[in-house]
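Novice: For the sequence shown, full-length UniProt numbering begins at 1 and goes up steadily by one. The structure's right below; bear with me while I get my questions together.
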Amino acid sequence: MTNPDIWPTTDPTTQGCPMGKEPIAMHGPRFQQNPAQLYRQMRNEYGPVAPVRLEGDVPAWLVLGYREIHQVESNPELFARDTRRWNAWDRVPENWGLMAFVGYQPSLMFTEGAEHQRRTGALGDSLDEVDQFELRGICEQIADELIDSFAGSGEADLMAQFAHPMPLRVMARLFGLGDDEAAQLGQDLTDTVASDDGVGAYQRIQERMKRLVERKKENPGADLPSRLLVHPAGMTEEEILQDLLVVLTAAQQPVAYWIGNAIRLMLTDERFAVTLAGGRRSIGQALNEVLWEDTPTQNFIGRFASRETELGGQRIHTGDMLVLGFAAANTDPQVRPDAYSDSVGNNAHMSFGHGEHGCPHPGPEIGAVISRIAIEVLLDRLPDVALAADPDALVWLPSVWMRGLAALPVQFSPSYIVGS
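Here it is in structure tokens:
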């Protein structure tokens, strides 16, 4: 825990707060157990922008309002992305758990202005060259292979055995990696957040990406690294390495939880039960509704004020951190007064961000293809799949940042293996 004696006498997130009200801790069981309820409380007490304390008692602002998040993301000069602007670095505890989100790295995640546009343009152009028919074929093949591994058993944990490996293996294929390399990469990604060797695992991932870029420079192919190497933006090998890591991490957990959350919805909500067997319309509806109600990326660090300003009735100081509350914004009653009232066919959610630093096109579209085909193949192969646990007993991961299930146990009639 930080020592409050070393903090400046003026704490930016307490100025302007209603008398007697303290910032709310954005961590711990209270936040993890029922975040939606806490968002409502924070909105009632503070309005669309609330003072919070992150892990280590570090101050920040949580942007809860849909319009306010849109305002922040539409003004990258005022609400900038480079974390070196932060005014609270002297308050960060040693071995801070959120350093991976905030520590500056030379990737497109932290670039601004013309440099950001150069690198996101190169990435977007290179992703645009992915053939959609080929992508669908890759997704179908990988989904079949994953289902083959458990189809004969009559039971599975769809998070560990299906949702998590699906986007990783698809992206590895788009990177020009083999399945063995994808498996090793997946283990390292898991170890970065669920192992005592997190730093070592991240270093191994960087080394794998470095070797991949070097290999593609010598032997280019029809893959993302090869396209980036010859793009007119003139990206360096280090820039490509860093930006490939961004693409990989952005695709892995969010898409895995998108798949898992949609399957959970389809297995537990009677609105979707009728069309499970062979139905296609319900898959798209479930995927879209999840982005409104259980979006995988709940909160995102963040933006940093480049000068004094006001947002949502709060005075924001130069260098203040703003955490973008995507989940709270998607249920903002000022925009959606009735839950579920307009989720079908409405793509105006904040789940992929917005503006210059939103998920670059066609990233969301590729994620949607992976998710939809994963569920289509699953329902084709296992039409009687059913939840093997009480819906209320399903455990959500204890994370402020991501919304996903720890496990999704299902049962089904043992099925054949494709090609057997």
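We put the CB at the ideal spot given by N, CA and C, even for glycine.
With ASN261 and ARG403 assumed to form a contact (beta carbons below 8 Å), what rounded beta-carbon distance in angstroms separates them?
Specialist: For a cut-off of 8 Å, the C-beta gap from ASN261 to ARG403 is around 7 Å, short enough to register as a contact.
Novice: Could you have a look at GLY278 and say whether DSSP puts it in helix, strand or coil?
Specialist: With a pLDDT of only 46 at GLY278, under the threshold of 50, the placement of this residue in the model should not be trusted; the figure read from the coordinates follows. Of the three classes helix, strand and coil, the one that applies to GLY278 here is coil, per DSSP.
Novice: Which one or two residues does DSSP pair with GLU155 in a beta bridge?
Specialist: GLN411
Novice: Is PRO23 near VAL49, with beta carbons less than 8 Å apart?
Specialist: no
Novice: Report yes if the CB atom of GLU140 is closer than 8 Å to the CB atom of VAL377, and no otherwise.
Specialist: yes
Novice: Within 10 angstroms of the Cβ of GLY103, are there 16 or more other Cβ atoms? Answer buried if so, exposed if not.
Specialist: Classification for GLY103: exposed.
Novice: Using only CA atoms, which one of HIS27, GLY65, GLN33, LEU54 lies nearest to ASN44?
Specialist: GLY65
Novice: Distance check for PRO220 and MET235, CA to CA, integer angstroms please.
Specialist: 15 Å
Novice: Let me check understanding here. Comparing Cα to Cα, which of ASP223, GLN132, GLY154, LEU168 lies closest to ALA143?
Specialist: LEU168
Novice: At which residues does the beta strand (DSSP E) containing PRO51 begin and terminate?
Specialist: 49 to 54
Novice: Hey, would you say GLN298 sits closer than 8 Å to PRO35, going by beta carbons?
Specialist: yes
Novice: Quick check: what's the CA-CA separation for GLN71 versus ILE147?
Specialist: 43 Å
Novice: Out of HIS27, LYS217, ARG67, which has the shortest C-alpha to C-alpha gap to GLY353?
Specialist: ARG67
Novice: So, is SER226 buried or exposed, given that buried needs 16 or more other C-beta atoms within 10 angstroms?
Specialist: By the 10 Å Cβ count, SER226 comes out buried.
Novice: Could you tell me whether the segment 126 to 136 touches the segment 361 to 377, where touching means 3 or more Cβ pairs closer than 8 Å?
Specialist: Contact between the segment 126 to 136 and the segment 361 to 377 is present, because at least three Cβ pairs lie under 8 Å.
Novice: Looking at the structure shown, is THR236 part of a helix, part of a strand, or coil, going by DSSP?
Specialist: coil
Novice: Tell me which same chain residues have a C-beta within less than 8 Å of the C-beta of PRO364, skipping the five on either side of it?
Specialist: PHE352
Novice: Smallest Cα separation from TYR416: which of MET109, GLY154, ALA60, GLN117?
Specialist: GLY154
Novice: Just to confirm, are GLY312 and GLY47 a CB contact at a threshold of 8 Å?
Specialist: yes
Novice: Would you report the Cα separation of PHE175 and VAL199, rounded to the nearest angstrom?
Specialist: In this structure, the alpha-carbon of PHE175 lies about 23 Å from that of VAL199.
Novice: Identify the residues that DSSP records as bridge partners of PHE300: which are they?
Specialist: Its beta-bridge partners are LEU324.
Novice: Is there a Cβ from chain B that is less than 8 Å from the Cβ of ALA222?
Specialist: Among the chains in the structure shown there is no chain B, since it carries only a single protein chain.
Novice: For TRP96, write down the residues that DSSP places opposite it in a beta bridge.
Specialist: Answer is none; TRP96 lacks a bridge partner.
Novice: On the criterion of 16 or more Cβ atoms from any shown chain inside 10 Å, does MET99 qualify as buried, or is it exposed?
Specialist: exposed
Novice: How would you call PHE412, buried or exposed, if buried means at least 16 neighbouring beta carbons within 10 angstroms?
Specialist: buried
Novice: Alpha carbon to alpha carbon, how far is TRP401 from LEU382?
Specialist: 32 Å
Novice: Does DSSP put ILE24 in a helix, in a strand, or in coil?
Specialist: strand
Novice: At the level of alpha carbons, what is the spacing between LEU54 and PHE162?
Specialist: Taking the straight line from one Cα to the other gives about 32 Å.
Novice: Quick one, which of LEU241, PHE150, VAL63, ARG211 has its alpha-carbon nearest PRO414's?
Specialist: PHE150
Novice: Quick check on the burial criterion: 16 or more other C-beta atoms within 10 angstroms. Buried or exposed for GLU73?
Specialist: buried
Novice: To the nearest angstrom, report how far apart HIS116 and VAL130 are at their CA atoms.
Specialist: 22 Å
Novice: Does DSSP classify LEU146 as helix, strand or coil?
Specialist: If DSSP states are grouped into helix, strand and coil, LEU146 belongs with the helices.
Novice: For MET159, which residues from the same chain have a beta carbon less than 8 Å from its beta carbon, with the 5 sequence-adjacent residues on both sides left out?
Specialist: ALA256, GLY260, GLY404, LEU405, ALA406, ALA407, LEU408
Novice: Could you name the residues that DSSP lists as bridge partners for ILE375?
Specialist: ILE375 is not bridged to any residue.
Novice: With DSSP collapsed to three states, give me the class of GLN105.
Specialist: coil
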